[in-house]
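For what it's worth, UniProt numbering labels the leading residue of the sequence shown as 1, then goes sequentially. Just so you know, even glycine gets a beta-carbon here, dropped at the ideal spot from N, CA and C. Accompanying notes for the structure given below.
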Amino acid sequence: GSETCTDSMELDDFVKIILLGAPGVGKTSIIQQFVWTSFDKEYYPTQRKHTYYPTIIRNETYYGLKITDLPCIPYFPIDSYMEWTDFRFYGLRQATAYILVFDLSKANIDSTFQYIKSMRDQILESRAKDIDK
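Here it is, written out as structure tokens:
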């Protein structure tokens with residue numbers, strides 16, 4: 001994988017993936033394992049947006065990915081105005097796919113699962129508004 005854009009791909013050509021989850025569930029670790037095949041046992045809270053640009057090959061076709069790692073967000077923006085005012089430059093509503101991450105350990109499963117369940121409901125509500133337009 002690579003963390004830079006390729007000249008032959010326009011930004012709109014990327015499959016845009018955003019990982020969402022409560023703090024400490026392993027979003028950054030999952031991304032780094034996928035992009036760099038490395039794992040850091042230390043926990044470093046994500047303080048700002050990080051974007052990764054790996055390329056994958058599937059059925060002899062190259063796909064450029066834009067994977068976004070974000071700090072924990074309190075809610076998913078229901079419309080473009082809310083995204084602009086509260087989460088500018090995160091690209092939350094422009095994602096092709098969302099990966100919702102939670103912690104399976106007994107100590108955290110209820111709270112981290114409730115967080116992604118709420119995020120999923122908010123994403124569906126937000127996307128339904130886009131479809132209704």
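In angstroms with no decimal places, state the Cα-to-Cα distance between Gly91 and Leu19. Within the sequence shown, the letter at position 91 stands for residue 91. Within the sequence shown, the letter at position 19 stands for residue 19. Approximately 12 angstroms, taken between the alpha carbons.
Starting from Val101, trace the beta strand (DSSP E) both ways and give me its first and last residue. In the sequence shown, the residue the question calls residue 101 occupies position 101. Note, Val101: beta strand (DSSP E), 97-101.
Can you name the start and end residues of the alpha helix (DSSP H) that Tyr81 belongs to? Here the question's residue 81 lines up with position 81 in the sequence shown. Per DSSP, Tyr81 belongs to the alpha helix (DSSP H) from 80-86.
Contact check, Ile17 vs Thr96 under 8 angstroms by CB: the rounded distance? Numbered from its first residue, the sequence shown carries residue 17 at position 17. Numbered from its first residue, the sequence shown carries residue 96 at position 96. With 8 angstroms as the limit, Ile17 and Thr96 qualify as a contact, their Cβ atoms being about 7 angstroms apart.
Looking at Phe76: is its Cβ nearer than 9 angstroms to the Cβ of Gln122? Taking the sequence shown and counting its residues from 1, one reaches residue 76 at position 76. Taking the sequence shown and counting its residues from 1, one reaches residue 122 at position 122. Contact flag set, yes.
Start-to-end residues for the alpha helix (DSSP H) that takes in Val35: Here residue 35 refers to the residue found at position 35 when the sequence shown is read from its first residue. Counting along the chain, the alpha helix (DSSP H) containing Val35 begins and ends at 27-36.
Minimum C-alpha distance to Pro74 - residue among Lys117, Asp103, Val35: Along the sequence shown, one-based indexing puts residue 74 at 74. Pro74 has its Cα closest to that of Lys117, out of Lys117, Asp103, Val35.
Have a look at Leu104 and Ser29 and give me their C-alpha separation to the nearest angstrom. To locate residue 104, count along the sequence shown from 1; it is residue 104. To locate residue 29, count along the sequence shown from 1; it is residue 29. Near 15 angstroms, if we compare the C-alpha coordinates of Ser29 and Leu104.
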